[in-house]
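A.B. asks: Here it is: the structure, laid out below.
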Amino acid sequence: MALSTGELLIHNPFILEEKDLAELKALGKVVGILVPNAFHGDETAWLSEKFPEAKVFVPRAIEAKARKKYRVNGSFENDWPADWRKDVECLPLEGMRLLHESVFFHKASRTLVVTDFVFNMKPEDFSKNFERTLMAWNRVGTGFGTSWLCDKVFTRDDAARKRSVEKILAWDFDRVVMNHGHVVENGGKAMMTASLST
1349 MALSTGELLI HNPFILEEKD LAELKALGKV VGILVPNAFH GDETAWLSEK
1399 FPEAKVFVPR AIEAKARKKY RVNGSFENDW PADWRKDVEC LPLEGMRLLH
1449 ESVFFHKASR TLVVTDFVFN MKPEDFSKNF ERTLMAWNRV GTGFGTSWLC
1499 DKVFTRDDAA RKRSVEKILA WDFDRVVMNH GHVVENGGKA MMTASLST
């Protein structure tokens, strides 16, 4: 995500090929690395070494554990920089255990960025029948929406989660980028509203 300064925030750390790393560096200075939830931080150590000046932010619930594995500058809940907030809003999702996900709203592009809170995958995205069956059971292989795990296992406080959903839907986004599935280029807010209202 690009800040108005031209600096960059990297969402969901990952290992890059050297040519991709060079292209990323050419786009602008990386000032932030965002570990979006408890399940997507395994490659943070590698990426943070490539960008030693970037600040690394994690969910507060995993901060102590994360510090044993890689450099951490703070949590989304306590330390989200005010100068980033004018470009990117950060919302830690309430009412959900284990996942501890934060979602982000990039204002200039009107983009909502999520990791595991919603998926947008189709049966043809899976090459094996077993994969299609498993994903369909988890409600992530048939289109846009939240997973069964997200709704039934991770969610422990429906009222708190609803408050987070209301905050998300108050943002003026149109595009939705998620970790799993196809980017929604247009109409994302309507899709989120329909999905999260059921």
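Read in order, the letters of the sequence shown are residues 1349 to 1546 in the working numbering. All C-beta atoms, glycine included, are put in the ideal place defined by N, C-alpha and C. What you are looking at is a predicted structure, and each value in this text was computed from that prediction instead of being measured.
1. Hey, out of P1361, M1539 and K1377, whose CA is closest to F1467's CA?
2. Please name the residue, chosen from M1469, D1464 and V1524, that lies closest to L1497 on a Cα-to-Cα basis.
3. Report the option in D1522, M1444, L1351 and G1376 whose CA atom is closest to the CA atom of A1507.
4. Looking only at its chain, what residues have a beta carbon closer than 6 Å to the beta carbon of V1524, apart from the 5 residues adjacent to it on each side?
5. Closer than 8 Å by C-beta to I1381: which residues in its own chain qualify, once you throw out the five before and the five after it? Chain order, please.
6. Determine the DSSP secondary structure at I1516, reduced to helix, strand or coil.
7. Can you list, in chain order, the stretches of the beta strand (DSSP E) that have 3 or more residues and sit fully within the segment 1445 to 1471?
8. Hey, how far is the Cα of M1526 from the Cα of N1477?
9. I need the DSSP call for A1386, collapsed to helix, strand or coil.
10. Could you check where the beta strand (DSSP E) with E1437 kicks off and where it finishes?
11. With distances taken Cα to Cα, identify the nearest neighbour of H1388 among H1448, K1434 and A1430.
12. Pick out whichever of D1368, N1534, V1451 and R1433 has its Cα sitting closest to the Cα of V1462.
C.D. replies: By the coordinates alone:
1. M1539
2. D1464
3. Among D1522, M1444, L1351 and G1376, the Cα nearest to that of A1507 belongs to M1444.
4. L1460, V1532 and G1536
5. L1357, I1358, P1361, T1392, L1395, S1396, F1399, A1402, K1403, V1404 and F1405
6. helix
7. 1450 to 1454, 1459 to 1461 and 1467 to 1469
8. 24 Å
9. coil
10. V1436 to P1440
11. H1448
12. V1451
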